[in-house]
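Trainee:
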Amino acid sequence: MTIIDITRSLAGDALVYPGDTPPHFSQRDAGLYLISELRMSSHSGTHIDAPIHYLKTGRTVDELPLSHLIGPCRVLDVSGAGSLIDTADLDGRIDGCKRILLRTGFSQCSAFREDYPSLTLGAARYLISQGSLCVGIDSFSIERFDCDGSVHRELLGSGCFIIELLDLSRVPEGEYTLVALPLKLSGIDGAPARVVLMDEKDGE
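All residue numbers for the sequence shown refer to my numbering, where the first residue is 861 and numbers rise by one.
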């Protein structure tokens, strides 16, 4: 079995959505040990959106059922779709899998772009119709930059959780086991997460 880390490293120069808080880390020598202070947004780096991020009565990140975020998943290469991933880019490729990760090619991007790849509302509704428990993407957001929040609300309202800013640069299309663990932050709308794929086709 091969374990593939698909988490972006968090650092002071990490990619940040406009208006969000850039990560800032400081360290001090406490004599016997070193201690660090972290200041960042709940949506820094690779992170998971909880329903309350867009739904006032939605669950917070510490209330998410981890069963949605751990289990069989399918990585789909949608790099040919352009900036909007529509139903036609997904239709016939889900094969009953409840956890879908979208490889758009954005993992290679080192700066913010307003035309980052994202889902249309129709594509979000298609994933919901297929019983999706979570959907992940390697770009800034599941929804386009000039959005009204409808894609987030549709997915989160159906119980399909969202993982954003994955690093899928080394992951070919195929089937894997997903493990996505957000920090257990009480009452918060999202959290950075360590996300890995396990490739069980490799017998080692």
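Where is the CB? At the ideal position from N, CA and C, for every residue including glycine.
Fair warning: this is a prediction, and the values are worked out from it, not measured in the lab.
Can you tell me which of the three DSSP states L944 falls into?
Mentor: The count along the sequence shown starts at 1 and reaches residue 944 at position 84. Note: L944 maps to strand in three-state DSSP.
Trainee: For the putative contact between L936 and R1013, defined by C-beta atoms under 8 Å, what is the C-beta separation to the nearest angstrom?
Mentor: Taking the sequence shown and counting its residues from 1, the one referred to as residue 936 is at position 76. Taking the sequence shown and counting its residues from 1, the one referred to as residue 1013 is at position 153. Contact doesn't hold; Cβ gap of about 23 Å is too wide.
Trainee: Alpha carbons only, please: which of S978, G918, R934 is nearest the one belonging to T947?
Mentor: Along the sequence shown, read from residue 1 onward, the residue named residue 947 stands at position 87. Answer by Cα proximity: S978.
Trainee: Within 9 Å of any Cβ in chain B, is that where the Cβ of S999 sits?
Mentor: As a matter of chain content, chain B is missing from the structure shown, which is built from one protein chain.
Trainee: Can you tell me whether P932 is helix, strand or coil according to DSSP?
Mentor: For this step, residue 932 is matched to residue 72 along the sequence shown. Strand at P932.
Trainee: Rounded to the nearest angstrom, what separates L898 and R919 at their Cα positions?
Mentor: Within the sequence shown, residue 898 is the residue found at index 38, counting from 1. Within the sequence shown, residue 919 is the residue found at index 59, counting from 1. The straight-line gap from Cα to Cα measures roughly 25 Å.
Trainee: Quick check for students: name the residue ranges of the alpha helix (DSSP H) that lie wholly in the segment 1009 to 1058, counting only runs of 4 or more.
Mentor: Complete alpha helix (DSSP H) runs here, min 4: 1010 to 1017.
Trainee: For T886, is the classification buried or exposed, using 16 other Cβ atoms within 10 angstroms of its Cβ as the cut-off for buried?
Mentor: Residue mapping note: residue 886 aligns to position 26 of the sequence shown, counting from 1. For clarity, residue 886 is Ser in the given sequence; the question names Thr instead. Flag for S886 reads exposed.
Trainee: What first and last residue would you give for the beta strand (DSSP E) that runs through G996?
Mentor: Numbered from its first residue, the sequence shown carries residue 996 at position 136. 994 to 997 is the extent of the beta strand (DSSP E) around G996.
Trainee: Are the beta-carbon atoms of E1024 and I1002 separated by less than 9 Å?
Mentor: Taking the sequence shown and counting its residues from 1, the one referred to as residue 1024 is at position 164. Taking the sequence shown and counting its residues from 1, the one referred to as residue 1002 is at position 142. Yes, the Cβ-Cβ distance between E1024 and I1002 is below 9 Å.
Trainee: For H903, which of L924, R1030, L870 has the nearest alpha-carbon?
Mentor: For the purposes of this step, residue 903 is taken as the residue at position 43 of the sequence shown. Comparing Cα positions, the closest option is L870.
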